[in-house]
Amino acid sequence: WVLWDFGGTLPNMTYMLEPHRIGAILWTGIATTVLAIYLEGVALQRASATEAALTFSSEPVWASLFGAWLLKEKLNTNSYVGGGVILTACILSAMADLKAEEESKIDNVELRDI
1 WVLWDFGGTL PNMTYMLEPH RIGAILWTGI ATTVLAIYLE GVALQRASAT
51 EAALTFSSEP VWASLFGAWL LKEKLNTNSY VGGGVILTAC ILSAMADLKA
101 EEESKIDNVE LRDI
């Protein structure tokens with residue numbers, strides 16, 4: 001797509017070799033990508049499948065809220081409705097998993113008593 005935008009030739013990118021730009025590129029690549037993915041992997045090792053699924057499912061909601069708060073982005077009705085649907089689905093999923101876990105514990109106790 002870059003070649004298409006520039007008529008089949010790559011633009012002159014020598015300005016990207018300035019020290020402050022290299023620092024920004026390294027920061028973006030190392031701190032905000034590599035470190036974030038590493039910490040995410042560490043956290044996922046300690047989370048159950050349900051917790052991980054709920055965390056990933058609710059990520060767009062948190063991204064929107066932080067964008068509105070920190071970057072003063074404007075949320076519209078669709079954003080609020082979509083966020084509500086996502087959070088409702090997460091809550092219902094968590095409640096269903098808790099109920100299944102409780103029933104599993106009850107079944108295990110009854111089987112041991114026999």
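Going by full-length UniProt numbering, the first residue of the sequence shown is number 1, and it counts up by one from there. All residues carry an ideal CB built from backbone N, CA and C; glycine is no exception. These numbers come from a predicted model, not from an experiment.
Point to revise | Proximity of S58 and C90 at Cβ, strictly below 8 angstroms | key: yes
Exercise for review: Just mark L71 as buried or exposed, buried being the case when its beta carbon has 16 or more other beta carbons within 10 Å.
Suggested key: exposed
Practice item. Consult DSSP for L10 and reduce its assignment to one of helix, strand or coil. Key: coil
Exercise for review: In the DSSP assignment, find the unbroken alpha helix (DSSP H) run with V61 in it and report its ends.
Suggested key: A49 to L70
Practice item. Pull up the CB-CB distance for L44 and A52, whole angstroms please, since I reckon it's below 8 angstroms. Key: 5 angstroms
Check your understanding: Under 8 angstroms, do D97 and T50 count as touching if we go by C-beta distance?
Key -> yes
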